[in-house]
Amino acid sequence: MNAQTEKIDLIQKIGRTKSKKISRNKNVMTICLFVAPALLVYLLYVVYPIFATLNYSFYNWDGTTEKTFVGLGNYVELFKDAIFWTALKNNTWVVLASVFVQIPLGLIMALMLFAPIKGLRLFNSIYFLPFLMSTVAIGMLWVLMFDPINGVINLFVNFLGFENIAWLSNENTAMIAVLLVVVWQFSPFYMILFKAALVGISEELYEAAQIDGANTWQKFKNITIPLLLPTIVSSSILAIVGSLKAFDIFYIMTGGGPNGATELMGTYMFKQAFNNFNMGYASAIAFLMFFIALIVTIIIQVLESVRKRKGGYE
1010 MNAQTEKIDL IQKIGRTKSK KISRNKNVMT ICLFVAPALL VYLLYVVYPI FATLNYSFYN
1070 WDGTTEKTFV GLGNYVELFK DAIFWTALKN NTWVVLASVF VQIPLGLIMA LMLFAPIKGL
1130 RLFNSIYFLP FLMSTVAIGM LWVLMFDPIN GVINLFVNFL GFENIAWLSN ENTAMIAVLL
1190 VVVWQFSPFY MILFKAALVG ISEELYEAAQ IDGANTWQKF KNITIPLLLP TIVSSSILAI
1250 VGSLKAFDIF YIMTGGGPNG ATELMGTYMF KQAFNNFNMG YASAIAFLMF FIALIVTIII
1310 QVLESVRKRK GGYE
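With positions in the sequence shown counted from 1, the corresponding number in my numbering is that position plus 1009.
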């Protein structure tokens, strides 16, 4: 009787195991079916172009005729190209402006939205307005504002007692002028990120700190900043990657000029591809842009992981 009972229990156990396995397989298939469309789009429009660009960078090709394999020839020529190094230097300036001006400004704007002042909703709308505008519209608007004769900026300069400045046609001021526009346009994006993060900080932490005698600066330094570190890291990655692939606002406002003063890797790549029809060389520039962004992102993520392992705030 016991042997028969044990046999029945074993059969039931095997049946339950098979049932769980079938159920697990069904769940896996369901998940795969839901993920498949997004994964297919990602592979088709993100992963494949990366490898296709790498492949094209090994050829001398005008986009229509037969490709000629040149190996690393495009990369060797690129590293000897003075214009490319100028473009890389300008991209570095964009990165620095994004990380050290845009992000802090976005944080200041977010903190101002929590200040006990009237017209908070109005400030919220005004702050976010530049990010909602079309880049083309922004570029054309600021080109008119920087006009050397009738531009609003020069009218203000004249009011201060100075002479007109050819902002966009002067090699010394063109980069500064476009960077001001970039900061003005994208700071609201980081404001929204920081605003969302600030909402998630418990008021009890500030109340406890106030009971302990902490002033406003001490609460900001010891509570706000540590708890915003994950958002600051994410914002830095977005700012760096976005700065390395910057193109539209520079192309609209200066086209990379004057005399290459605002040339970026993105604008230089565009000119090589669609002005000079040098697709292989342009692909080499594009892949280097991707590679630099990838390396910088990995470095930031590794440093962030080290910080967390050493007891940093999650």
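Just so it is clear, CB atoms sit at the ideal spot from N, CA and C, and this is done for glycine as well. Here the structure is a predicted model, which is why all the values come from computation and not from measurement.
- In this structure, N1287 is the residue among K1317, L1141, I1301 and N1287 with its C-alpha nearest to the C-alpha of K1076.
- Distance from the CA atom of L1273 to the CA atom of N1224, rounded to whole angstroms, is 45 Å.
- If you draw a straight line from the Cα of V1208 to the Cα of N1173, it is about 45 Å long.
- If you ignore the 5 residues before and after P1139, its C-beta comes within less than 6 Å of the C-beta of W1193, Q1194 and P1197, all in its own chain and listed in chain order.
- Judged by beta-carbon spacing, L1237 lies within the 8 Å limit of A1206, meaning their Cβ atoms are closer than that value.
- The alpha carbon of N1268 has as its nearest neighbour, out of F1060, F1043, T1095 and M1038, the alpha carbon of T1095.
- For Q1219, the enclosing alpha helix (DSSP H) has its first and last residue at E1212 to I1220.
- In this structure, G1251 lies near S1107, with their beta-carbon atoms less than 8 Å apart.
- Nearest in C-alpha terms to G1266, of all of N1179, L1202 and A1218, is N1179.
- In this structure V1079 is in contact with Y1068, their Cβ atoms being roughly 6 Å apart against a cut-off of 8 Å.
- Of all C-beta pairs linking the region 1082-1101 to the region 1227-1245, fewer than three are shorter than 8 Å, placing the two stretches out of contact.
- L1297 has its alpha-carbon roughly 11 Å from the corresponding atom of N1083.
- Annotation: the continuous alpha helix (DSSP H) that includes Y1260 extends over D1257 to M1262.
- Rounded to the nearest whole angstrom, the CA to CA distance from I1117 to I1210 is 16 Å.
- V1056 has its alpha-carbon roughly 25 Å from the corresponding atom of T1074.
- Your pair M1262 and G1160 does not check out as a contact, with CB atoms roughly 13 Å apart and the cut at 8 Å.
- In this structure, A1270 and A1183 form a Cβ contact; the two beta carbons are roughly 5 Å apart against a cut-off of 8 Å.
- In the structure shown, N1167 adopts helical secondary structure according to DSSP, grouped into three states.
- Scanning N1284, I1301, M1278 and F1300 for the CA closest to the CA of Y1290 turns up M1278.
- Here I1249 has V1104, S1107, V1108, A1302, V1305, T1306 and I1309 as same chain residues with Cβ atoms under 8 Å from its own Cβ, once five neighbours each way along the sequence are excluded.
- Distance from the CA atom of L1042 to the CA atom of Y1054, rounded to whole angstroms, is 19 Å.
- Distance from the CA atom of I1201 to the CA atom of F1132, rounded to whole angstroms, is 13 Å.
- Contact between V1187 and I1258 holds: their C-beta atoms lie close to 7 Å from each other, under 8 Å.
- Looking only at L1048, V1050, A1061 and M1038, the smallest Cα-Cα distance to S1292 is reached by A1061.
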